[in-house]
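**Q** Have a look at this one.
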Amino acid sequence: MKEQLSLEVQYCAKLGSSCCTLLWSLSKHGLQRSTLNTTCVLKLMEVFEETLVNFSHADTKVDPLSDEMRLVEALCGTLTNISACEEGRDYLVGNASDSVSLIISLLPSLVSTSDMVLRLLLMFLYNLTIHSGGQVRLVLIFPMSVN
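Residue numbers (my numbering): 11 to 157.
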């Protein structure tokens with residue numbers, strides 16, 4: 011039973027990382043406003059949040075070449091690409107404030123996990139602060155506690 015569960019976990023991680031890597035690649039070319047107005051992005055945010063929480067609370071260090079790491083990187087990359095376009099930023103600022111708060115709260119625990127994940131998340135947060143006029147827009151004020 012344990013072996014079967016382990017095989018299923020590996021399969022899901024491989025499937026998820028493959029799909030998210032493809033989505034990450036496609037999102038580099040921007041998204042249509044009609045795509046952003048669907049519930050797909052919100053569902054992606056839910057998967058992202060759960061994955062990021064589990065990743066940040068992992069008891070063991072995740073292999074940098076594993077499907078699990080590729081999944082986390084691909085999810086972070088996809089959301090960073092969405093936040094890179096004006097329509098994506100506007101959509102995320104209006105619909106993803108819980109995700110932004112979660113990312114900010116998890117940043118300290120992610121420092122030692124993966125440079126790529128950390129860079130992508132910081133770029134995601136930076137992108138959300140960019141206004142179309144080139145001005146910085148305050149997305150949220152969140153007190154950071156340093157341990």
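Every residue gets a Cβ at the ideal spot worked out from N, C-alpha and C, and that includes glycine.
Rounded to whole angstroms, what is the Cα-Cα separation between residue 137 and residue 90?
**A** Mapped onto the sequence shown, residue 137 falls at position 127. Mapped onto the sequence shown, residue 90 falls at position 80. Approximately 8 angstroms, taken between the alpha carbons.
**Q** Check for me: the alpha helix (DSSP H) holding residue 121 runs from which residue to which?
**A** Locating residue 121 in the sequence shown gives position 111, where the first residue counts as 1. That residue, residue 121, is in no alpha helix (DSSP H); it is neither H nor E in DSSP.
**Q** Here's the rule: buried if 16 or more other CB atoms are within 10 angstroms of the residue's CB, otherwise exposed. What is residue 21?
**A** Within the sequence shown, the letter at position 11 stands for residue 21. So residue 21 ends up on the exposed side.
**Q** For residue 27 and residue 97, I'd like the C-alpha separation in whole angstroms.
**A** Along the sequence shown, one-based indexing puts residue 27 at 17. Along the sequence shown, one-based indexing puts residue 97 at 87. Going by the C-alpha atoms only, they are around 26 angstroms apart.
**Q** Note down the Cα distance separating residue 134 from residue 86, rounded to an integer number of angstroms.
**A** As a position in the sequence shown, residue 134 is number 124, starting the count at 1. As a position in the sequence shown, residue 86 is number 76, starting the count at 1. Taking the straight line from one Cα to the other gives about 8 angstroms.
**Q** Work out the CA separation of residue 11 and residue 125 for me, nearest whole Å.
**A** The residue you call residue 125 lines up with position 115 of the sequence shown. The residue you call residue 11 lines up with position 1 of the sequence shown. Their backbone Cα atoms lie some 35 angstroms apart in a straight line.
**Q** Classify residue 153 as buried or exposed, calling it buried when 16 or more other Cβ atoms lie within 10 Å of its own Cβ.
**A** For the purposes of this step, residue 153 is taken as residue 143 along the sequence shown, with counting starting at 1. With a pLDDT of only 45 at residue 153, under the threshold of 50, the placement of this residue in the model should not be trusted; the figure read from the coordinates follows. Burial call: exposed.
**Q** Under the assumption that residue 109 contacts residue 60 (Cβ atoms under 8 angstroms), give the Cβ distance between them as a whole number of angstroms.
**A** Within the sequence shown, residue 109 is the residue found at index 99, counting from 1. Within the sequence shown, residue 60 is the residue found at index 50, counting from 1. In fact, because the Cβ distance is near 11 angstroms, the residues do not count as touching under 8 angstroms.
**Q** Quick one: Cα of residue 123 to Cα of residue 71, how far?
**A** Residue numbering aside, residue 123 sits at position 113 when the sequence shown is read from its first letter. Residue numbering aside, residue 71 sits at position 61 when the sequence shown is read from its first letter. Using only the alpha carbons, I get a separation of about 7 angstroms.
**Q** Return the chain-ordered list of same chain residues with a C-beta closer than 8 angstroms to the C-beta of residue 24, the five sequence neighbours on each side being excluded.
**A** Reading the sequence shown from its first residue, position 14 is the one you call residue 24. Once the five neighbours on either side are set aside, the close Cβ partners of residue 24 are 77.
**Q** Here's the rule I'm using: 16 or more other beta-carbon atoms within 10 Å means buried, otherwise exposed. How should residue 35 be labelled?
**A** The residue you call residue 35 lines up with position 25 of the sequence shown. That one is exposed.
**Q** With distance defined between alpha-carbon atoms, name the residue in 81, 18, 119 and 16 nearest to residue 30.
**A** Translated into positions along the sequence shown, residue 30 becomes position 20. Ranking the options by Cα distance to residue 30, first place goes to 81.
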